[in-house]
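Down below is the structure, laid out as structure tokens.
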């Protein structure tokens with residue numbers, strides 16, 4: 001390709017302008033990656049934490065657990081020993097331990113705290129199961145029912161799997177919208193738009209160059225997110241992850257259009273970037289970029305359907321980590337394309353060559 | 001001589017304000033033409049309509065034999081434009097900037113690099129445009145307008161916001177750009193600049209062109225009296241007033257000023273009386289022209 005053609009000359013000029021703007025690079029690339037590190041590190045350690053149990057004196061029930069059951073017990077409880085019941089209960093009260101366990105004759109007594117509700121429930125449920133299991137074993141008759149549990153998701157589905165597509169969606173939305181908003185306003189203010197209008201290059205060439213650079217940045221973000229997620233946090237992509245690429249491309253166009261809208265409405269570069277921020281950041285929260293929407297009220301989930309970022313996030317989750325087929329990306333793609341067209345038309349209608 | 005610019009009855013209104021009011025003018029090929037007027041006179045609007053950036057409300061523009069509106073791709077490679085603001089790509093160096101503009105016009109990088117040298121920016125070739133001084137940025141901006149060797153160049157206030165030293169430095173560059181027969185149209189609000197650089201000057205105010213002629217002809221047409229100043233002490237006010245042809249005299253710390261429409265005759269009398277010590281003669285300037293055309297002092 002001819003590097004001196006107007007298209008490439010413009011693309012290179014825009015790319016250089018972006019890469020040399022430290023603030024832009026930080027907010028488009030480094031900042032979202034910081035969130036990935038934060039979320040990936042923060043939540044991955046949480047699900048490994050065990051229940052701290054103080055065993056007071058001798059508790060024959062758990063000391064004589066049959067093979068298999070003692071392994072399951074060790075998975076749930078971290079056991080320390082003590083002979084002082086009052087001290088053990090005091091430790092539970094202060095939160096240094098989750099449960100103090102003693103046995104008086106045939107009675108198992110668990111002193112627990114309600115401050116950590118999840119652990120309190122786990123403690124009661126698990127201990128009850130062990131007591132029941134032991135009762136059945138003592139009775140000598142074989143158990144009639146048995147329970148087998150199976151997780152529906154891929155075994156590798158950890159926090160990082162959920163976090164990466166959402167944060168990536170936010171990062172792409174942010175850099176596409178900010179880039180378009182700042183370029184449109186900046187070029188309008190310096191009259192570079194006017195100057196280009198007088199040069200023998202079509203508007204199409206200018207727009208194509210700007211889109212090409214934004215897409216290149218978005219694909220670079222994708223590579224960085226996947227690379228860092230896989231290298232540092234064990235991110236594993238499911239089969240049709242490559243369908244994330246068309247999603248990213250159409251999503252980028254959609255958020256560029258949003259940026260153009262902000263750039264067309266605002267009167268200064270700062271105003272355009274702030275407006276883009278105002279549109280993108282709440283949308284990221286409401287579209288499940290930072291936390292899953294499953295637990296949020298139904299009205300909020302319905303509202304998020306009118307936000308393009310939600311569809312980008314959902315589409316990427318489906319194909320990147322939920323293991324769905326390529327077809328899962330089709331509906332989000334169509335919705336994003338429709339958003340892109342509507343917002344572009346709106347931005348075009350509001351577009352002015354100059355700020356006057 | 002062929003016509004480079006042919007403008008008839010050009011008018012542009014913004015609401016109630018008539019920015020350009022029924023302007024007609026012709027510029028011949030190879031001419032260096034100045035449009036002179038205070039801020040808000042309508043110079044930039046006039047220029048932007050001639051360049052094809054703005055659609056006139058009325059009137060017609062023909063540049064190099066082509067219509068300028070709507071956007072005319074045949075015309076664009078033949079004209080060069082420097083807009084009032086420094087229209088640069090953000091964060092590119094001077095060299096990258098001019099190479100980018102060269103590429104837009106299909107001009108090679110070697111030519112672009114030559115222009116960096118021609119406008120005296122070799123030392124600053126690797127400096128980002130944001131770090132250039134006002135004068136350097138204007139040089140670069142002129143180079144970007146000329147890199148594709150256009151037949152006709154528009155320069156909109158190239159010396160605005162420059163200090164007097166930088167302004168004069170730029171004059172050499174400006175006066176050289178029509179050496180090769182290029183037509184140049186320049187707007188300015190500096191009288192001295194128009195006088196030094198331009199073959200013809202259009203004096204503009206309130207959207208109208210008041211006069212359009214060479215600076216010398218404008219001053220001549222003014223028929224302004226000359227001011228002859230003699231050194232202090234060589235002549236009294238009474239003696240000065242007695243000289244035939246002196247209309248008015250003034251006495252100040254720098255000497256006596258004699259106002260006359262017959263400077264040759266008065267100087268002859270002064271010479272005969274041996275009063276020529278430190279004599280200076282000041283004839284009319286474009287500032288006087290402006291004053292007489294608009295009835296008010298020139299405010300830049």
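Protein chains in written order, with this note's numbering: chain A, 1 to 356; chain B, 1 to 300. Ideal Cβ placement from N, Cα and C applies to all residues, glycine included.
*Quick one: what does DSSP say residue 158 (chain A) is sitting in, helix, strand or coil?*
coil
*Terminal residues of the continuous alpha helix (DSSP H) containing residue 310 (chain A)?*
308-320
*asked:* The alpha helix (DSSP H) that contains residue 292 (chain B), what's its start and end?
replied: 286-294
*Counting contacts by CB-CB distance shorter than 9 Å, is residue 207 (chain A) in contact with chain B?*
no
*Residue burial classification, residue 349 (chain A) (beta-carbon count within 10 angstroms, cutoff 16)*: exposed
*Answer yes or no: do residue 253 (chain A) and residue 211 (chain A) have a C-beta to C-beta separation smaller than 9 Å?*
yes
*Put residue 46 (chain A) into one of helix, strand or coil per three-state DSSP.*
Below a pLDDT of 50, predicted positions are generally treated as unreliable, and residue 46 (chain A), at 49, falls in that range; no measurement from the model is reported.
_Please tell me whether residue 158 (chain B) and residue 141 (chain B) are closer than 9 Å, where the distance is taken between their beta carbons._
yes
_Bridge partners for residue 14 (chain B) per DSSP, in chain order?_
B:17
*Which chain B residues sit within Cβ distance under 7 Å of residue 190 (chain A)?*
85, 86, 87, 88
_For residue 104 (chain A), the three-state DSSP class (helix, strand or coil)_ = strand
_Proximity of residue 13 (chain B) and residue 57 (chain B) at Cβ, strictly below 9 Å_ = yes
*Along the alpha helix (DSSP H) that carries residue 145 (chain A), what are the first and last residues, could you check?*
Per DSSP, residue 145 (chain A) belongs to no alpha helix (DSSP H) and is neither H nor E.
*Cβ-Cβ separation, residue 37 (chain A) to residue 224 (chain A) (assumed contact under 8 Å), whole Å*: Not a contact, Cβ separation roughly 12 Å.
*Starting from residue 142 (chain B) and walking both ways along the alpha helix (DSSP H), at which residues does that stretch end?*
134-146
*Distance, Cα to Cα, residue 58 (chain A) vs residue 67 (chain A)?*
19 Å
*Beta-ladder partner(s) of residue 258 (chain B), from DSSP*: B:228, B:249
_Own chain partners of residue 215 (chain B) with C-beta closer than 7 Å, once the 5 adjacent residues on each side are dropped_ = 194, 195, 198, 201, 286
*Just reading off the beta strand (DSSP E) that residue 55 (chain A) is part of, what are its end residues?*
51-56
*Count the other CB atoms, across all protein chains shown, that sit within 10 Å of the CB of residue 139 (chain B); report buried if there are 16 or more and exposed otherwise.*
buried
*asked:* DSSP three-state label for residue 180 (chain B), please.
replied: coil
*Listing by chain order, which chain B residues have their CB less than 8 Å from the CB of residue 21 (chain A)?*
90, 91
_chain A contact residues for residue 100 (chain B), given Cβ-Cβ distances below 8 Å_ = 9, 10, 12, 13
*Residue interval of the alpha helix (DSSP H) (run including residue 70 (chain A))*: 69-76
*Bridge partners of residue 8 (chain B), per DSSP?*
B:60
*asked:* residue 41 (chain B) and residue 81 (chain B) - do their beta-carbons sit closer together than 9 Å?
replied: no
*Bridge partners - residue 335 (chain A), DSSP secondary structure assignment*: Residue 335 (chain A) is not bridged to any residue.
*Residues that residue 201 (chain A) contacts on chain B, provided the C-beta gap is smaller than 8 Å*: 104
*Taking a Cβ distance cut-off of 9 Å, strictly less, list which residues of the segment 180-202 of chain B are near chain A, in chain order.*
none
*In this structure, does DSSP put residue 82 (chain B) in helix, strand or coil?*
strand
*What three-state label does DSSP hand residue 352 (chain A) in the structure shown?*
coil
*Would you identify the three-state DSSP class for residue 7 (chain A), choosing helix, strand or coil?*
helix
*Can you give me the Cβ contacts of residue 269 (chain B) inside the same chain, cut-off strictly under 6 Å, excluding the 5 residues immediately before and after it?*
243
*asked:* Measuring only the C-alpha atoms, how far is residue 34 (chain B) from residue 155 (chain B)?
replied: 10 Å
*Measure the alpha-carbon distance for residue 210 (chain B) versus residue 21 (chain B) and round it to whole angstroms.*
11 Å
*Considering residue 97 (chain A), what are the terminal residues of the alpha helix (DSSP H) in which it resides?*
Careful: residue 97 (chain A) lies outside any alpha helix (DSSP H) and carries neither H nor E.
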